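Novice: In the working numbering, the protein residues as written are 194 to 527.
Structure, rendered in structure tokens:
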């Protein structure tokens, strides 16, 4: 736990200084980062000066910036105190959350014992939201039967869906996971790729494998795939099936045609949950071919127990440069 002093004015009335005293010094190493790199990021992003002496940290700068820096440090400290990891990506996301006044997915900094309002537990990690929209998305994943997750790369659409799917599988709420993607990328055709069908489609499905290995030990992933509890296949393999007692994820859904999307959505069976992830602004379909994702959202949005969650560049949780790249490509006139 950390003591929370009030801001104090310094000689310059436009600046303030505050000091935080942390009660568990062993957490300060991971809080500050190697060579104080986390403090450097906070200084750069918020325009403050931070000095650490023992278990005390002094922050100086504009009053609002000092207050934000304090909340960031306390939020990171509370994460560490509750057993969660802190790295540069987490530091960046917590700084970003500080600008979202309505964000309430994380425990308040003044209450480190409180649990986040929403979280996903898997075998290897516990996941909490990193933005306001991720909070809404994780709540939809927990309660709605079908979810459309729309937005740019790096916002956690597929990763959080896989996490929820794994959590429900190991909790016995579903019997199997079905992860699918259209095998349409950058104009390549499967017939020109070497190997059998599995070897042809695996490169397209690799992001789904990566997310699974992040949630479950490697041997469990392989065992569950071998037993059929986890199935990873291109969308064409879904035709003619009824998918009951399953958590079904369609990734890169913007690359489906309306006919493929209708076929996929109508596979939905009893006691199942379905998540459709995609970026409507990044389709690899041939010119003039309508995206099944945009068509489905237009037709289905507003149906009860069907949620639509829209992410933006501001919700990117990868390197902050990714968010700026997305904004540059999707800005006015693009």
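C-beta: ideal position from N, C-alpha, C; glycine also.
None of these values were measured; they are calculated from a predicted model.
Could you tell me the alpha carbon to alpha carbon distance between residue 339 and residue 373, rounded to whole angstroms?
Specialist: Take the alpha-carbon of residue 339 and the one of residue 373: they are about 15 Å apart.
Novice: Do residue 447 and residue 476 come within 8 Å of each other at the CB atom, strictly closer than that value?
Specialist: yes
Novice: Should residue 218 be labelled buried (16 or more other beta-carbon atoms within 10 Å of its own) or exposed?
Specialist: exposed
Novice: Would residue 344 and residue 327 be called neighbours here (beta carbons separated by less than 8 Å)?
Specialist: Not in contact: residue 344 and residue 327 (Cβ atoms no closer than 8 Å).
Novice: Reducing DSSP to helix, strand and coil, say where residue 370 ends up.
Specialist: strand
Novice: Mapping the DSSP letters down to three states, classify residue 518 as helix, strand or coil.
Specialist: The answer is helix: DSSP assigns residue 518 an H, G or I state.
Novice: What is the DSSP secondary structure of residue 509, counted as helix, strand or coil?
Specialist: coil
Novice: For residue 485, count neighbouring Cβ atoms within 10 angstroms of its own Cβ and tell me buried if that reaches 16, exposed if not.
Specialist: buried
Novice: Check whether the Cβ atoms of residue 408 and residue 468 sit closer than 8 Å, and answer yes or no.
Specialist: Not a contact, by the Cβ cut-off of 8 Å.
Novice: How is residue 412 classed by DSSP in three states: helix, strand or coil?
Specialist: helix
Novice: Beta carbon of residue 470, beta carbon of residue 342: below 8 Å?
Specialist: yes
Novice: Is it right to say residue 497 is buried, meaning 16 or more other beta carbons lie within 10 angstroms of its own, or is it exposed?
Specialist: exposed
Novice: Under 8 Å, do residue 286 and residue 258 count as touching if we go by C-beta distance?
Specialist: Their beta carbons are not under 8 Å apart, which means residue 286 does not touch residue 258 by this criterion.
Novice: Where does the unbroken alpha helix (DSSP H) through residue 361 begin, and where does it stop?
Specialist: For residue 361, the enclosing alpha helix (DSSP H) covers residues 350-363.
Novice: May I ask which residues mark the beginning and end of the alpha helix (DSSP H) holding residue 456?
Specialist: 451-458
Novice: Taking residue 220 as part of the alpha helix (DSSP H), name the residues at either end of that continuous run.
Specialist: Note, residue 220: premise wrong, no alpha helix (DSSP H); not H, not E.
Novice: Is DSSP giving residue 440 helix, strand or coil here?
Specialist: strand
Novice: Using DSSP with H/G/I as helix, E/B as strand and the rest coil, what is residue 250?
Specialist: DSSP, read as helix, strand or coil, puts residue 250 in strand.
Novice: Which residue wins for smallest C-alpha separation from residue 501, given the options 413, 244, 240, 472?
Specialist: 472
Novice: Kindly list the residues whose CB is nearer than 6 Å to the CB of residue 239, restricted to its own chain and excluding five residues on each side of it in sequence; keep chain order.
Specialist: 258, 261, 262
Novice: Just to confirm the assignment, what range does the alpha helix (DSSP H) spanning residue 468 have?
Specialist: Looking at the DSSP string, residue 468 is not in any alpha helix (DSSP H); the run it does join, the beta strand (DSSP E), is 466-471.
Novice: Assign residue 207 to one of three DSSP states: helix, strand, or coil.
Specialist: coil
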